[in-house]
Ligand code: AMP
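In the working numbering, the protein residues as written are 1 to 208.
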C-alpha cells in the first residue's frame, strides 16, 4: 500500500496514520516529524527548517523534496509507505510523481481528511504529545493519563498565531494538490470530525 495523507493541521493525520501503519505494516513517513528530529539534532537542515516552522510557514520545496526522495529510497519502503504531511504543494506532488515513476512505483490512494477551520484551532491549541511514545492527546477531548502528564510537550507551532498561519498555508498552497489527485482518480475524501475510532472506520471503508 503506497498512500498519502492530506488534511489541514490538526485534522488527525498523525493519530490516524499511526493506526493505519500498524494495520498495513508500512513505514509512517511524516515530514513534520523528520523536521522536528532535525531541529532537535541541530543539523544545518534543522536550523533552516526551524525558522519556517516556528512561523507556521512551509519549508522551501527543494529542501523537503530532497529529504523525501532520500527517505523513499530506503529498503523499508518496498512493501509501501504512508506519507503524512507531504506533498504540501503542487511542485512537491509533481516531484513525488516523477520520483515514483522513475522507480516503476505508483500510488494506490490519497486520503483527504476533512475538518472545518473552526474546529482546527480548538483542537491544535489543546494538543499535547508524549515524546517517549509519540502518543497524541488533547487536554479536553482526549486527556492524558496522570502518569505521563508531566512529560508531555506542547509543540512550538501549536499556538493560535502559528495555527492561523498554518491554515493559510494549507488553503493557499496545499489545497491545490487536491484537484491534482482528484484528476488521476486517487483521491478519497473522509470526514475527520467525530471520535477517532469512527474516523478510523471511515478511513478503512474508504480504502476497502
Ligand atoms: P506537521 O507536523 O506536518 O504539521 O509539519 C510541521 C511543520 O513542518 C509545517 O508547518 C512546516 O513548517 C513543516 N513541513 C512539514 N512538512 C512539510 C512539507 N511537505 N512542505 C513544507 N513544509 C513542511
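We put the CB at the ideal spot given by N, CA and C, even for glycine.
Just so it is clear, the structure is predicted and the values come from calculations on it, not from any experiment.
Environment of residue i [buried if 16+ CB atoms lie within 10 Å]
i           : result
residue 5   : buried
residue 60  : exposed
residue 174 : buried
residue 49  : buried
residue 166 : buried
residue 51  : exposed
residue 93  : buried
residue 150 : exposed
residue 108 : exposed
residue 158 : buried
Beta-carbon proximity of residue i to residue j, cut-off 9 Å
i           : j           : result
residue 203 : residue 16  : yes
residue 117 : residue 13  : no
residue 77  : residue 27  : yes
residue 11  : residue 134 : no
residue 46  : residue 55  : no
residue 163 : residue 87  : no
residue 65  : residue 44  : no
Residue from the options with nearest C-alpha to residue i
i           : options            : result
residue 187 : 1, 68, 111, 36     : 111
residue 72  : 92, 96, 89, 177    : 96
residue 40  : 53, 147, 11        : 53
residue 106 : 184, 130, 159, 174 : 184
residue 168 : 145, 9, 19         : 9
residue 58  : 3, 181, 69, 32     : 32
residue 82  : 145, 191, 21       : 21
residue 208 : 7, 23, 11          : 23
residue 205 : 194, 189, 178      : 189
residue 114 : 34, 181, 143, 193  : 193
residue 147 : 43, 132, 195       : 132
residue 104 : 80, 145, 180, 171  : 80
residue 191 : 144, 119, 170      : 119
residue 172 : 143, 62, 7         : 7
Cβ shell of residue i (< 8 Å), same chain only, five flanking positions each side left out
i           : result
residue 138 : 123, 126, 127, 128
residue 34  : 67, 71
Beta-carbon contacts of residue i that lie in its chain and below 7 Å, excluding the five residues immediately before and after
i           : result
residue 156 : 54
Other residues of its chain near residue i: CB distance less than 6 Å, five sequence neighbours each side excluded
i          : result
residue 29 : 71, 81, 83
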